[in-house]
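There are 2 protein chains.
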Amino acid sequence: MSRSSRDRGADERECRTPPEPSPVIELPDDDTLAAMAKAIGHPARIAILRLLARRETCATGDVVAELPLAQSTVSEHLRILREAGLVRGEIDGPRTRYCVDPDGLAALRAGIAAL
Amino acid sequence: MSRSSRDRGADERECRTPPEPSPVIELPDDDTLAAMAKAIGHPARIAILRLLARRETCATGDVVAELPLAQSTVSEHLRILREAGLVRGEIDGPRTRYCVDPDGLAALRAGIAAL
DNA sequence: ATCGTCGATCGTCGACGAACGATGGAGGAG
DNA sequence: CTCCTCCATCGTTCGTCGACGATCGACGAT
C-alpha cells in the first residue's frame with residue numbers, strides 16, 4: 337500500500353476551494369452554535385478537524401489512514417462535521433476531498449467568543 | 337409567588353467568587369476540549385451559560401424560573417456544566433449559587449480559537 | 001465492457017443522553 | 001423542635017450516538 341506507487345497528479349494538492357475568508361461573519365443563533373459545539377464534542381472529530389487544518393490533504397482515505405477507526409465510522413464523523421458546517425466536501429473523481437470550512441469555523445469561534 | 341415578598345438580602349448579589357482572570361491560560365488537551373464542547377452542545381446549556389453571564393444571579397431556582405424545564409433537568413444541566421469546568425457552584429445556606437468559571441470559559445475559547 | 005477502488009449508506013448493537021417525577025437531606029424561619 | 005424551602009440525586013423511559021461490518025453506486029483504469 338505504499339503511496340508512492342500511486343500517481344495522484346499533484347501529490348500535495350490543496351483543497352480546491354480556496355480559503356476565501358468572508359468579509360463579515362454573522363453570529364450563529366443558539367441552536368446552530370449548539371449543533372456546532374456538539375459536532376466537535378468528540379475527540380475523533382477534533383482530531384479530524386486538526387488533521388484537515390494541518391495537512392491540506394482533504395481525502396477521506398487519508399483521514400481513515402490516520403485514525404484507529406473503521407472507514408464507515410470516519411465517514412460518519414465527516415458527515416457530522418459537514419452537516420454542522422465545519423467541513424466542506426466535494427467529489428473529485430472516485431474520491432471525496434474534504435477541507436475545513438473557514439466560514440463555519442469562524443462562526444463557531446465567534447459564537448464561543450461571544451459567550 | 338411574587339418575588340418581591342421574599343427578602344433576599346442583596347437582591348442583585350454577585351457570585352461570591354470574584355472573577356479572577358488567571359494570568360496564563362493553558363490550552364486544553366483534545367479530550368478536555370471535546371468534553372467542554374459537548375457540554376455546550378445543547379441549547380439549554382448555552383441558555384444557562386448566557387443567563388449566568390448576563391445576570392450575576394447565580395441561583396439554581398432563578399435558572400429554573402427562566403427556562404421551560406423541570407427543576408431536576410436544570411440541576412442536571414448545571415451539573416454537566418460544572419463537571420466540564422465551565423461553571424462553578426458553591427453552597428450558600430439553603431441554596432446553591434452558580435457562576436461562570438472564567439478560567440474554564442477562557443480555556444474553551446482558547447481551545448476553539450486554536451483549532 | 002469489465003474490473004477494482006473509493007467512499008457513502010444501511011442495519012445492528014450496546015452505551016449514553018435528556019427529560020421527568022419522586023424522594024430525601026440540609027438548612028433557615030416560625 | 002417543627003415546618004418549609006431549596007436543590008441534588010435516584011429510577012425510569014425514550015431517543016440519539018458511536019462503532020462496526022456489509023453493501024452498493026460512482027468512477028477510472030485496463
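Going line by line, the protein sequences match chains A and B.
The opening position of the first sequence corresponds to residue 337 in the numbering used here, with each subsequent residue numbered one higher.
The opening position of the second sequence corresponds to residue 337 in the numbering used here, with each subsequent residue numbered one higher.
Think of the CB as a built atom: it goes at the ideal place given N, C-alpha and C, for glycine as much as any other residue.
Treat the numbers as computed from the prediction; the structure is a model and nothing was measured.
Spanning the alpha carbons of Arg415 (chain B) and Ile427 (chain A) requires a straight line of approximately 43 Å. For Ala373 (chain A), the chain B residues whose Cβ falls inside 7 Å of its Cβ are Ala373, Ile376, Gly377, in order along the chain. Counting C-beta atoms within 10 angstroms of its own C-beta, Thr393 (chain B) has 16 or more neighbours from the protein chains shown and is therefore classed as buried. Per DSSP, Arg415 (chain A) lies in no beta strand (DSSP E); the unbroken alpha helix (DSSP H) holding it starts and ends at 407-419. Across the segment 435-447 of chain A, CB contacts with chain B closer than 8 Å involve Leu441, Leu444, Arg445, in sequence order along the chain.
Any Cβ of chain B closer than 9 Å to the Cβ of Ile427 (chain A) would place that residue at the interface, and such an atom is absent.
Counting only Cβ-Cβ distances below 7 Å, Asp366 (chain A) has contacts in chain B at Pro379, Ile382, Ala383, in chain order. Listed as beta-bridge partners of Thr432 (chain A) by DSSP are A:Ile427. Taking 9 Å as the CB threshold, Leu363 (chain B) stays off the interface with chain A. Taking a contact as a CB-CB distance under 8 Å, the pair Ala395 (chain B) and Arg431 (chain B) counts as one, their CB atoms being some 5 Å apart. In this structure, B:Gly421 is the residue among B:Gly421, B:Arg433, B:Val410 with its C-alpha nearest to the C-alpha of Ala373 (chain B).
Of all residues in the segment 403-421 of chain A, none is placed with a Cβ closer than 7 Å to any Cβ belonging to chain B. The Cβ atoms of Gly377 (chain A) and Ala375 (chain B) lie closer than 9 Å to each other.
The Cβ atoms of Leu441 (chain B) and Leu451 (chain A) sit closer than 9 Å to each other. With fewer than 16 other Cβ atoms from the protein chains shown falling within 10 Å of its own Cβ, Val360 (chain B) counts as exposed.
Residues of the same chain with a CB within less than 7 Å of the CB of Leu388 (chain B), apart from the 5 flanking positions on each side, are Cys394, Val423, Tyr434, Cys435, Val436 in chain order. Taking 9 Å as the cut-off, the beta carbon of Leu417 (chain A) is found closer than this to the beta carbon of Leu385 (chain A). With respect to chain B, the C-beta atom of Ala389 (chain A) has a partner C-beta closer than 9 Å.
Partner residues in the beta bridge of Ala395 (chain B), as assigned by DSSP, are B:Arg433.
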